[in-house]
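Let me begin by presenting the structure, written as structure tokens, before commenting on it.
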Amino acid sequence: MQTKKKPTPTSAKTQTVRHKRIVALVSDDEDRLIENYLKKYKITNKSNWMRETLLAFIYKNLDEDYPTLFNEHDMRR
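Quick note on my numbering: the sequence shown kicks off at 980 and runs consecutively.
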């Protein structure tokens, strides 16, 4: 008889180990705004939300922000 291994959760397989820390300072008003947003949308993991929001913005603009040989003004001439 062969013993079966327990299946591991899929999130455990795809989870990335993170070693780098990013720190940002915000004002009281900005902090209040962020906290209200998190509360309104019932977001419990602030770190994950910040990381996903920041990276989504970067990935979205990545295609538009490519290096060129000439600046925009020179290309429109």
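C-beta atoms are modelled at their ideal positions from N, C-alpha and C, and glycine is treated no differently.
- In the stretch 995-1029, which residue ranges form an unbroken beta strand (DSSP E) of at least 3 residues, counting only runs that do not cross its ends? none
- Task: May I ask which residues mark the beginning and end of the alpha helix (DSSP H) holding residue 979?
- Result: Outside the shown range of the chain (980 to 1056) lies residue 979, about which nothing can therefore be said.
- Look at the alpha carbon of residue 1047 and the alpha carbon of residue 1053, and state the distance between them as a whole number of angstroms. 11 Å
- Query: Going straight from the alpha carbon of residue 1013 to that of residue 1001, what length do you get?
  - Reply: 17 Å
- Message: Which residue wins for smallest C-alpha separation from residue 1033, given the options 1003, 996 and 1008?
- Response: 1003
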